[in-house]
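Sequence lines, in order, name chains A and B.
With the UniProt record's numbering as the guide, the letters of the first sequence map in order to residues 1 to 247.
With the UniProt record's numbering as the guide, the letters of the second sequence map in order to residues 1 to 440.
Using N, Cα and C, we set each Cβ at its ideal position, and we do this for glycine too.
Please read the structure below before turning to the comments.
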Amino acid sequence: MRLAILADVHGNLEAFRACLAHAKERGAERIVLLGDLVGYGADPEAVLELAITLVAAGAIALLGNHDEAAIGTGGSGMNEMAAAAIAWTRPRLRESHRRFLGTLPLTAEEEGCLFVHADASAPERWRYVTDGEAARRSMEATAAHVTICGHVHRPALYSLGETGKLTPFVPVGGAPIPLARGRRWLAVLGAVGQPRDGNPAACYLMLDTVPMQATWHRVPYDIAAAATKIRAAGLPVGLAERLFLGR
Amino acid sequence: MAVLMTVTRQGEDLPLLMKVPRLREGEDPAAIVSFEMEQMIMPRLSGPHVPRFVAQAGFETEPYIVMERIQGAPLSIRLRDLPLPAEEVASIGAAVADALDALHHQHVVHLDVKPANILFRETGEAVLVDFGLAHHELLPDLMAEEFRLPYGTVPYMAPEQALGIRNDPRSDLFSLGALMYQLATADLPFGEPQHLKGVKRRLWRDPVPPRRRRAGIPPWLQEAILRCLEVDPERRHPTAAQLAFDLRHPGQVALTDRAEKMRRDGFLTVLRRRLRQQEPRRRAFATARQIQAAPILAVALDFAETPEILADALRNQVQKMLANRPGARLACVNVLKSALLTIDSTLDDQGRNRHVQRLLELRHWAMPLGLPEGRVTFHVLEAADVADAILDYARANRVDHLVLGARASSFSRRLLGSVAGKVAAEAPCSVTVVRRRQPE
Numbered sequence: 001m002r003l004a005i006l007a008d009v010h011g012n013l014e015a016f017r018a019c020l021a022h023a024k025e026r027g028a029e030r031i032v033l034l035g036d037l038v039g040y041g042a043d044p045e046a047v048l049e050l051a052i053t054l055v056a057a058g059a060i061a062l063l064g065n066h067d068e069a070a071i072g073t074g075g076s077g078m079n080e081m082a083a084a085a086i087a088w089t090r091p092r093l094r095e096s097h098r099r100f101l102g103t104l105p106l107t108a109e110e111e112g113c114l115f116v117h118a119d120a121s122a123p124e125r126w127r128y129v130t131d132g133e134a135a136r137r138s139m140e141a142t143a144a145h146v147t148i149c150g151h152v153h154r155p156a157l158y159s160l161g162e163t164g165k166l167t168p169f170v171p172v173g174g175a176p177i178p179l180a181r182g183r184r185w186l187a188v189l190g191a192v193g194q195p196r197d198g199n200p201a202a203c204y205l206m207l208d209t210v211p212m213q214a215t216w217h218r219v220p221y222d223i224a225a226a227a228t229k230i231r232a233a234g235l236p237v238g239l240a241e242r243l244f245l246g247r
Numbered sequence: 001m002a003v004l005m006t007v008t009r010q011g012e013d014l015p016l017l018m019k020v021p022r023l024r025e026g027e028d029p030a031a032i033v034s035f036e037m038e039q040m041i042m043p044r045l046s047g048p049h050v051p052r053f054v055a056q057a058g059f060e061t062e063p064y065i066v067m068e069r070i071q072g073a074p075l076s077i078r079l080r081d082l083p084l085p086a087e088e089v090a091s092i093g094a095a096v097a098d099a100l101d102a103l104h105h106q107h108v109v110h111l112d113v114k115p116a117n118i119l120f121r122e123t124g125e126a127v128l129v130d131f132g133l134a135h136h137e138l139l140p141d142l143m144a145e146e147f148r149l150p151y152g153t154v155p156y157m158a159p160e161q162a163l164g165i166r167n168d169p170r171s172d173l174f175s176l177g178a179l180m181y182q183l184a185t186a187d188l189p190f191g192e193p194q195h196l197k198g199v200k201r202r203l204w205r206d207p208v209p210p211r212r213r214r215a216g217i218p219p220w221l222q223e224a225i226l227r228c229l230e231v232d233p234e235r236r237h238p239t240a241a242q243l244a245f246d247l248r249h250p251g252q253v254a255l256t257d258r259a260e261k262m263r264r265d266g267f268l269t270v271l272r273r274r275l276r277q278q279e280p281r282r283r284a285f286a287t288a289r290q291i292q293a294a295p296i297l298a299v300a301l302d303f304a305e306t307p308e309i310l311a312d313a314l315r316n317q318v319q320k321m322l323a324n325r326p327g328a329r330l331a332c333v334n335v336l337k338s339a340l341l342t343i344d345s346t347l348d349d350q351g352r353n354r355h356v357q358r359l360l361e362l363r364h365w366a367m368p369l370g371l372p373e374g375r376v377t378f379h380v381l382e383a384a385d386v387a388d389a390i391l392d393y394a395r396a397n398r399v400d401h402l403v404l405g406a407r408a409s410s411f412s413r414r415l416l417g418s419v420a421g422k423v424a425a426e427a428p429c430s431v432t433v434v435r436r437r438q439p440e
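Spelled out as structure tokens, the structure:
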């Protein structure tokens, strides 16, 4: 099975479409949306419509912290720009959008993988997995051979061996990495809609399950169009500017 | 750390070898991780310089790797006949450097180059085996994180490897230098220290010059060996391909003080090195960067067909390609067309004069580039077909980029066929064809 896993779309329709098309060309059989469909970007409605269609066709979708905030049950502790974007997003969502987001689970399991938006040891707390310690906490809390999360917007891969040592690694776009059975793995996705690792191209993960192999893909998309919409919508300009920098 | 056995599989003609790790109680856990690493790397390698990967199973069942069994002998059997003549040391060294070049181009640093891990195919290519200590820069490095202690084979280990750096392809050149030293002198350059502390000595203590051990070793070979054994990777050959190039063209090796050195450095020099030791720099993606920074460029010049203005344009092009790449080197090539029957000895005299004349012309062409000795070499090839000669040269010397001029007149192109066209179509590397802009 070949899964295309997309995290942190954040209302960026251009990046979302580019990644879906890229994955389809490469034979993705199933789509997994790892949360944060909305927030930051100017197209929450269109992104949600597309996600609803994908889920109806068999895709898995999870809840992210921005999704939760947008339907009014979370969002405390967000920074100013994020909070402003949520305040802008909230009134734009239709009842069907809210209902869809309200049904999304925090985790899902499929093909021996655990999917979660943030730290798997306490998914509802939305803690970031940004270092080895956090990765270890997340891995030790579950029995999954491979855990896949987003939330951080920077790609990373952590491996936990028999000896208990943890290996961090920064994957390179387009280079497949085998995830051997003898150890446990935690893959952190880059963001589709707001990359922050210095590479402005959209990022998603293609996962082959037999044998288990992960490829982070980087997909160029029409950043100018997405940024123009953010500015026209009156969202904070910083949200448009950072897309060009991937910061 | 592992057991090897010959196996067969129905429908598979290739002789096969199965490698199974020993997993008994009390085995070093490094053995498991190193086997996992080999399982990640081997399926990603290709080409004649590695055993073909066939199949594997992971640690969820009984782990194994099945690969092609290389028929030829390992280099270790040659250790009985040491010292070897200089020509043989150079030809073994060049073959191993070719294999390392192929490996480095696949993002892998071997980190355990030693006689037992080098085999030769019946067709002559060196094959590198055992990737259990290797580093692949596009894969997580399990060995680096699991074990702070550097793994490797002590007599051949590069000093930076002893300090935990695992991604510099020039570490393999150091090991190959230690190996060539052994082949040429019958001695190991740094002995066989039993502890890591003893390995680190090579950070400041230089080896006895090979020529002091064996007077018959030519200066060019000592130059190549001692350059490989430089403590600072920046002072070694920038790439395995450039080392192979030097070993194949002994007459064109730029000789430095290394070539004439007859004794080890004095007490004060060694002390100064020891006190001034710096932590080596750690760089991400060092393997790919190092290779890209130091290509072998070759320019093919045809003086009969090249008007001055085109020769200028070619020089200009080459200059641009060399700019900001101090590791890059240039080979200037001219093909002397020989009729099929010039093997006849009566034509030798005239032939030799022409040969010398062409060399002078090549040097004259390259002079304005101002390249120091060692960065530029000159080669007059004799062949019946110019394009074939250039292509063979590029293949044999692992040239990264060929530059040549297009014939000026469409008449001669029609009559003689386009050399540039054939080279561009069949070259094993990038080709730049320089042509004068035609008048409207």
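Check: CB of Val333(B) within 7 angstroms of CB of His364(B), strictly; Outcome: no
Check: Chain-ordered chain B contacts of Arg99(A) [CB-CB under 8 angstroms]; Outcome: Those within 8 angstroms of Arg99(A) in chain B number zero; the least Cβ separation is about 41 angstroms.
Check: Collapsed DSSP secondary structure at Pro115(B) in the structure displayed; Outcome: helix
Check: DSSP three-state assignment for Arg121(B), whether helix, strand or coil; Outcome: coil
Check: Residue closest to Val152(A), alpha-carbon to alpha-carbon, out of Leu114(A), His10(A), Ala225(A), Ala87(A); Outcome: His10(A)
Check: Chain A contacts made by the region 12 to 44 of chain B, where a contact means CB separation under 7 angstroms; Outcome: Pro29, Ile32, Val33, Glu36, Gln39, Met40
Check: Rounded straight-line distance, which links the Cα of His105(B) to that of Leu138(B); Outcome: 12 angstroms
Check: Alpha-carbon spacing of Thr61(B) relative to Val20(B), whole angstroms; Outcome: 12 angstroms
Check: Interface residues of chain A facing Phe59(B) [CB-CB closer than 9 angstroms]; Outcome: Glu162, Ala180, Arg181, Gly182, Arg183
Check: Cβ pair Met18(B), Met5(B) closer than 7 angstroms; Outcome: yes
Check: Phe267(B), buried or exposed, once every other Cβ within 10 Å from all chains shown has been counted against 16; Outcome: exposed
Check: Interface positions of the region 204 to 236 of chain A facing chain B (Cβ-Cβ less than 9 angstroms), listed along the chain; Outcome: Pro211
Check: Contact with chain A by Glu88(B), beta-carbon distance below 7 angstroms; Outcome: no
Check: Val3(B) burial status per 10 Å Cβ neighbour count (16 or more: buried); Outcome: exposed
Check: Validate contact between the region 48 to 56 of chain B and the region 115 to 129 of chain B using beta carbons, cut 8 angstroms, 3 pairs; Outcome: yes
Check: Spatial distance of Glu45(A) from Arg92(A) (CA atoms); Outcome: 7 angstroms
Check: Neighbour flag for Glu145(B) against chain A, beta carbons, 7 angstroms; Outcome: yes
Check: Beta-carbon neighbours of Ser159(A), restricted to chain B and to distances below 9 angstroms; Outcome: Pro140, Leu142, Glu145
Check: Residue from Val54(B), Asp385(B), Leu391(B), Leu243(B) whose Cα sits closest to the Cα of Gln10(B); Outcome: Val54(B)
Check: Neighbourhood of Ser418(B) by C-beta, 8 angstroms cutoff - its chain only, sequence neighbours within 5 removed; Outcome: Ala406, Arg407
Check: Distance between Ile177(A) and Arg44(B) (C-alpha atoms, nearest Å); Outcome: 10 angstroms
Check: Pair within 7 angstroms by beta-carbon distance, Ala387(B) and Val376(B); Outcome: no
Check: Coarse secondary structure for Pro195(A), derived from DSSP in three states; Outcome: coil
Check: Rounded distance between the beta-carbons of Leu104(A) and Leu63(A), thought under 8 angstroms; Outcome: 4 angstroms
Check: Test item: CB-CB of Ala178(B) and Tyr156(B) under 7 angstroms; Outcome: yes
Check: His107(B) vs Thr287(B) beta-carbon contact at 7 angstroms; Outcome: yes
Check: Neighbour flag for Ala187(A) against chain B, beta carbons, 7 angstroms; Outcome: no
Check: Proximal chain B residues relative to Leu166(A), where beta-carbon distance stays under 9 angstroms; Outcome: Glu145
Check: For Arg99(A), the nearest candidate out of Glu133(A), Arg30(A), Ala51(A), Trp216(A) (CA to CA); Outcome: Ala51(A)
Check: Burial state of His110(B), where buried means 16 or more other Cβ atoms lie within 10 Å; Outcome: buried
Check: Alpha-carbon to alpha-carbon, Asp400(B) and Tyr221(A); Outcome: 33 angstroms
Check: Three-way DSSP call (helix, strand, coil) for Arg163(A) in this model; Outcome: Note on identity: in this sequence residue 163(A) is Thr, with Arg being the wrong assignment. Of the three classes helix, strand and coil, the one that applies to Thr163(A) here is coil, per DSSP.
Check: Lys261(B) classed as buried or exposed, judged by whether at least 16 other C-beta atoms fall within 10 angstroms; Outcome: buried
Check: Phe16(A) beta carbon near the ligand GDP (any heavy atom closer than 6 angstroms); Outcome: No copy of the ligand GDP occurs in the structure displayed, which carries no ligand at all.
Check: Residues near Gln252(B) by beta carbon distance below 7 angstroms, same chain, minus five either side; Outcome: Thr377
Check: Cross-chain neighbours of Ile148(A) in chain B, by beta carbon under 8 angstroms; Outcome: Within 8 angstroms Cβ-Cβ: nothing; Ile148(A) doesn't reach chain B, min ~16 angstroms.
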